[in-house]
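According to this note's numbering, the stretch in the sequence shown is residues 48 to 275, in order.
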Amino acid sequence: MLMVNKMLFKKHNNEGDLERLKGEIEDYLKKNNFVVFDGKIPERNTIIWNENWQKFLETAKSLEINLISFSTQEFDEEEPGEFAKYIGKICILELAWFKEGIIHNLVKVPNWFEDFLESKKLLEVDSRFEERFNCQDCDKKLGENEYGRCSSCETKKKQKDHKVIKELAEKITDEEEFQNLSNNKQREFYLAENHSEVLERLKEEDIMINTFFSFAGPMAKEKKKANK
Ligand SMILES: [Zn+2]
48 MLMVNKMLFK KHNNEGDLER LKGEIEDYLK KNNFVVFDGK IPERNTIIWN
98 ENWQKFLETA KSLEINLISF STQEFDEEEP GEFAKYIGKI CILELAWFKE
148 GIIHNLVKVP NWFEDFLESK KLLEVDSRFE ERFNCQDCDK KLGENEYGRC
198 SSCETKKKQK DHKVIKELAE KITDEEEFQN LSNNKQREFY LAENHSEVLE
248 RLKEEDIMIN TFFSFAGPMA KEKKKANK
């Protein structure tokens, strides 16, 4: 059964007609002296491009890469149902080039093919990206370049973190012993020995310890200077 990873393409990236696109790409490859072969691309070490094919191939050219994998797959289904009229048409077009062990991959599918996959529930959602779909705080759907939290929850979280960090740092940085520590490893050790409640609070608030030190470190130095 044909399974297609949803990360391979996005709706707005689809094409109406891959036959025309295939011809255009073939012309371009020939004109630009690319070495073309038909290959199957494994999923590992692959970067999926979300660009048009021109940009994809121009980038290869500008990197002086001229070896291109170019393949197409025709629609061939035993039970195509309402999609019978597309039998024999190209349903997947795939281009790839390689650099430093990484496969750069561009996949195009026609709109009808995505509809077909959806109708047969053949679209896989990559589980690595699943948790990005909703904000972890307000559960709102995330935008394309957001992950974990939506931008307004992220801002709120930063403001809240800042308050907690300030409050915790204010106390610790008064201690002369803390002021004399010169790096974050020593500071972390010092907190573990003397102020485990601070470490616990940071953990509870989901604040990275280095974020805390990037504030508490300079603050301690300032106080040390002021004390002299
Ligand atoms: Zn949110």
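C-beta: ideal position from N, C-alpha, C; glycine also.
Check	Outcome
I need the straight-line Cα distance from H209 to Q233, nearest angstrom please.	22 Å
What separation, rounded to the nearest whole angstrom, lies between the Cα atoms of I115 and T202?	44 Å
To the nearest angstrom, report how far apart F259 and I212 are at their CA atoms.	6 Å
With distances taken Cα to Cα, identify the nearest neighbour of N97 among E141, K167, D253 and N113.	E141
According to DSSP, what are the bridge partners of N181?	K188
Rounded to a whole number of angstroms, what is the C-alpha to C-alpha distance between E214 and N181?	31 Å
Is there at least one non-hydrogen atom of ligand 1 closer than 8 Å to the beta-carbon of K187?	yes
At the level of alpha carbons, what is the spacing between K218 and C200?	28 Å
What is the DSSP secondary structure of D253, reduced to helix, strand or coil?	coil
Nearer than 8 Å: is that true of the beta carbon of D253 relative to any heavy atom of ligand 1?	no
Starting from K218 and walking both ways along the alpha helix (DSSP H), at which residues does that stretch end?	S198 to I219
Taking the alpha carbon of E161 as the reference point, which residue from K268, L110, G63 and F84 has its own alpha carbon closest?	G63
Which of helix, strand or coil does DSSP assign to V82?	strand
Below 8 Å on the Cβ atoms is my contact criterion, and I expect F103 with L76 to pass it. Report the Cβ-Cβ distance as a whole number of Å.	Between L76 and F103 the Cβ distance is about 11 Å, and since that is not below 8 Å, they are no contact.
Comparing the CB of D208 with every heavy atom of ligand 1, is any distance shorter than 8 Å?	no
With a threshold of 8 Å on Cβ separation, who are the neighbours of A239 within its own chain once the five nearest residues in sequence on each side are excluded?	L246
Need the endpoints of the beta strand (DSSP E) that E125 sits in, please.	That residue, E125, is in no beta strand (DSSP E); it is neither H nor E in DSSP.
Counting C-beta neighbours from all protein chains within 10 Å, is the total for L110 16 or more, i.e. buried, or is it exposed?	exposed
Assuming D221 contacts K270 under a Cβ cut-off of 8 Å, what Cβ separation, rounded to an integer in Å, is found between them?	7 Å
Checking 9 Å against the spacing of the C-beta atoms, do I95 and N152 come in under that value?	yes
Which of the three DSSP states, helix, strand or coil, is assigned to L104?	helix
Beta-carbon within less than 7 Å of K108's beta-carbon, same chain only, minus the 5 sequence neighbours each way: which residues are those?	N79
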